[in-house]
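To start, the structure itself, in structure tokens.
Residue numbers (this note's numbering): 12 to 408.
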């Protein structure tokens with residue numbers, strides 16, 4: 012009987028999901044979907060393998076359930092209706108934080124769930140939703156195996172200097188480290204780059220995953236050597252609602268002068284900051300670009316400035332660059348952001364082809380550019396499906 016795998020990728024304001032059929036050529040997507048939260052509206056949209064919308068529904072915030080809980084229920088209901096005979100043998104889950112415990116995907120057990128629960132404080136926007144997805148899938152399919160795939164696993168190849176904070180060594184030993192995130196995206200994009208241009212993939216590459224969550228990664232010969240994110244998913248670039256890099260003294264100031272407790276500070280840094288907090292308009296880049304408010308333009312300027320600053324730092328870590336890759340919702344679709352990031356970057360070998368960039372080409376650097384610039388759509392769901400199959404087959408052997 013044909014086997015099927017469903018993947019669940021819960022983010023801070025969305026859930027990506029897909030249904031895959033397993034055959035000799037690897038996982039083939041039968042349907043992909045997105046549940047997302049936009050202002051007061053929530054919606055689910057599903058497309059078939061050809062990209063045709065086959066299911067769509069909307070609802071308002073007054074449903075009485077948190078967005079992720081409600082959306083997951085609707086996704087599971089869609090699967091039962093659209094593919095009632097699917098032989099789902101496993102559910103693969105994106106789990107943001109694996110801590111020091113996991114550097115590869117694993118079958119989910121009660122022990123694994125207990126460990127993942129201890130990591131919630133390190134990824135409060137994501138980890139609870141990742142765990143909720145696992146629990147809901149366990150309940151929906153009690154005889155289906157669950158596989159956890161970790162965003163931190165790709166970065167476990169970091170050298171010590173890119174893994175440590177200058178704190179007493181005991182903190183490092185207990186797990187206070189630079190973990191890095193978006194690893195499933197980086198792993199997929201690195202694999203695609205290897206298919207597209209093996210020579211560049213074996214060299215020095217900076218990948219910019221730009222979306223509501225944003226980070227950058229320095230990769231040498233397919234291995235992560237440095238990431239803009241650290242202990243939590245707060246560090247580095249400003250994001251939709253997250254602050255990015257912040258002087259820890261600001262947190263001390265909030266505690267001592269503003270009398271804010273940990274919960275208030277957590278809410279501020281994770282949900283009220285970033286593009287949303289800086290602009291006072293929105294966390295969504297599309298809405299910021301459409302706004303005529305100067306604060307919206309300033310938020311975009313800061314976003315671009317931090318990307319450029321991080322690009323220079325990661326190029327230094329790699330001692331040069333052979334390629335840059337843009338991915339993620341903003342990285343793949345916002346040509347003007349890419350253009351402004353790369354303006355004046357001839358000093359690291361980049362010469363932009365503005366026409367190719369505006370047209371959304373796969374290669375947006377000119378023929379004369381010493382550093383090649385690619386736009387590669389990421390597919391974390393496909394990476395989750397591959398890992399899920401690998402874990403199943405390994406445990407069956």
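All residues carry an ideal CB built from backbone N, CA and C; glycine is no exception.
Which one of the options has the shortest CA to CA distance from residue i?
| i | options | result |
| --- | --- | --- |
| residue 116 | 181, 198 and 151 | 198 |
| residue 194 | 176, 389 and 69 | 389 |
| residue 43 | 261, 277, 90 and 334 | 90 |
| residue 109 | 167, 66, 79 and 72 | 167 |
| residue 69 | 63, 86, 59 and 62 | 86 |
| residue 94 | 66, 299, 297 and 144 | 66 |
| residue 141 | 350, 249, 103 and 52 | 103 |
| residue 381 | 275, 395, 363 and 88 | 363 |
| residue 221 | 405, 60 and 322 | 322 |
| residue 78 | 343, 217 and 143 | 143 |
| residue 57 | 35, 368 and 29 | 29 |
| residue 298 | 256, 332, 270 and 251 | 251 |
| residue 130 | 88, 185, 170 and 180 | 185 |
| residue 100 | 358, 33 and 300 | 33 |
| residue 83 | 151, 273 and 64 | 151 |
| residue 359 | 262, 340, 366 and 335 | 335 |
Classify residue i as buried or exposed, calling it buried when 16 or more other Cβ atoms lie within 10 Å of its own Cβ.
| i | result |
| --- | --- |
| residue 402 | buried |
| residue 378 | exposed |
| residue 355 | exposed |
| residue 210 | exposed |
| residue 398 | buried |
| residue 50 | exposed |
| residue 20 | buried |
Suppose the cutoff is 7 Å on Cβ atoms and the five residues either side in sequence are ignored; what does the same chain contact list for residue i look like?
| i | result |
| --- | --- |
| residue 12 | 98 |
| residue 47 | 24, 25 and 54 |
| residue 192 | 107, 162, 163, 226, 240 and 244 |
| residue 254 | 245, 280, 284 and 285 |
| residue 400 | 16, 33 and 38 |
Taking C-beta to C-beta, are residue i and residue j nearer than 8 Å?
| i | j | result |
| --- | --- | --- |
| residue 146 | residue 138 | no |
| residue 177 | residue 114 | no |
| residue 310 | residue 38 | no |
| residue 395 | residue 105 | yes |
| residue 313 | residue 280 | no |
| residue 307 | residue 292 | yes |
| residue 326 | residue 216 | no |
| residue 368 | residue 391 | no |
| residue 40 | residue 60 | yes |
| residue 345 | residue 265 | no |
So, at 8 Å on beta carbons, what are the nonlocal neighbours of residue i in its own chain, with the 5 sequence-adjacent residues on each side left out?
| i | result |
| --- | --- |
| residue 420 | Only positions 12 to 408 of the chain appear in the structure, and residue 420 is not among them; the question remains open. |
| residue 173 | 189, 236, 237, 238 and 328 |
| residue 319 | 352 and 356 |
Skipping 5 residues on each side, what residues in its chain have a beta carbon closer than 6 Å to that of residue i?
| i | result |
| --- | --- |
| residue 243 | 133 |
| residue 233 | 201 |
| residue 331 | 215 |
| residue 333 | 211, 214 and 215 |
Using beta carbons (cut-off 8 Å, strictly below), is residue i in contact with chain C?
| i | result |
| --- | --- |
| residue 127 | Absent from the structure is chain C; it holds one protein chain and no more. |
- Query: Which full runs of the alpha helix (DSSP H) of 4+ residues lie inside the region 85 to 158, going along the chain?
  - Reply: 121 to 129 and 138 to 151, all fully within the region 85 to 158.
- Which runs of the beta strand (DSSP E), 3 residues or longer, sit entirely within the region 197 to 251? As far as the region 197 to 251 is concerned, its whole beta strand (DSSP E) runs of at least 3 residues are 215 to 220, 226 to 231 and 234 to 238.
- Those runs of the beta strand (DSSP E) which lie wholly inside the region 326 to 352 and span at least 3 residues: 334 to 338
- What are the complete beta strand (DSSP E) segments, minimum 3 residues, inside the region 35 to 89? 37 to 49, 52 to 59 and 64 to 71
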